[in-house]
Amino acid sequence: MATELVLLSDVPLTEEVHHRAYKRLGMTGQMLEWLDGRVFTLHDETGQHLLTVHAPVVIHDAREAVAALKDPPGAFGLWSEIMVPFENTETGRAVAEALAVEVGGLIRERV
């Protein structure tokens, strides 16, 4: 089963952020854009799928989203859905956490 995560931040993910996160982990790979930028897939250097990231949604009132999260923070501006495939849970989770560090955000699990 895939792991459902949420990236909470005030900065959207970009290809540059993706490359910095990979560098932080000592790895390389690529980010592919789908559906006019509404969905991105992140892959390692062998082409293995690590994450699917949906374009961020602006959260005007954090109370709207709090019920859907484990351990929600008090405030955040952007909500980005992330799916980690079951075959790459450990690496995918590490990449998600590195992305969060690069944008000053937090990773939280969906309820």
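Numbering (the working numbering), first residue to last: 1 to 111. The beta carbon of each residue, even a glycine, is placed where N, CA and C say it ideally should be. All figures in this text were calculated on a predicted structure; none of them were measured in a lab.
For residue j and residue i, the rounded distance between their alpha carbons
i, j, result
"leucine 50", "glutamine 30", "10 angstroms"
"arginine 108", "glutamate 15", "22 angstroms"
"threonine 91", "leucine 106", "17 angstroms"
"lysine 70", "serine 80", "15 angstroms"
"leucine 103", "alanine 55", "It should be noted that the sequence gives valine, not leucine, for residue 103. Between valine 103 and alanine 55, the C-alpha separation is close to 14 angstroms."
"serine 87", "proline 12", "In the sequence as presented, serine is not what sits at residue 87; that position holds glutamate. About 26 angstroms."
"glutamate 97", "tryptophan 34", "22 angstroms"
"lysine 23", "leucine 42", "14 angstroms"
"valine 57", "threonine 46", "30 angstroms"
"valine 39", "leucine 32", "8 angstroms"
Local conformation of residue i per DSSP, three classes
i, result
"valine 111", "coil"
"glutamate 102", "helix"
"histidine 60", "coil"
"aspartate 44", "strand"
"threonine 52", "strand"
Residue i Cβ short of 7 angstroms to the ligand NAP heavy atom set
i, result
"histidine 60", "The ligand content of the structure shown is nil, which means the ligand NAP is not present either."
Limits of the beta strand (DSSP E) - the one that residue i falls within
i, result
"valine 6", "3-9"
Cβ separation of residue i and residue j, assumed to be a contact under 8 angstroms, to the nearest whole Å
i, j, result
"isoleucine 82", "leucine 5", "4 angstroms"
"glycine 145", "aspartate 10", "Residue numbering for the chain in the displayed model covers 1 to 111; residue 145 lies beyond these limits and cannot be assessed."
Boundaries (first-last residue) of the alpha helix (DSSP H) holding residue i
i, result
"glutamate 15", "15-24"
Does the segment 60-75 come close enough to the segment 84-104 that 3 or more CB-CB pairs lie under 8 angstroms? The segment 84-104 vs the segment 60-75: no contact.
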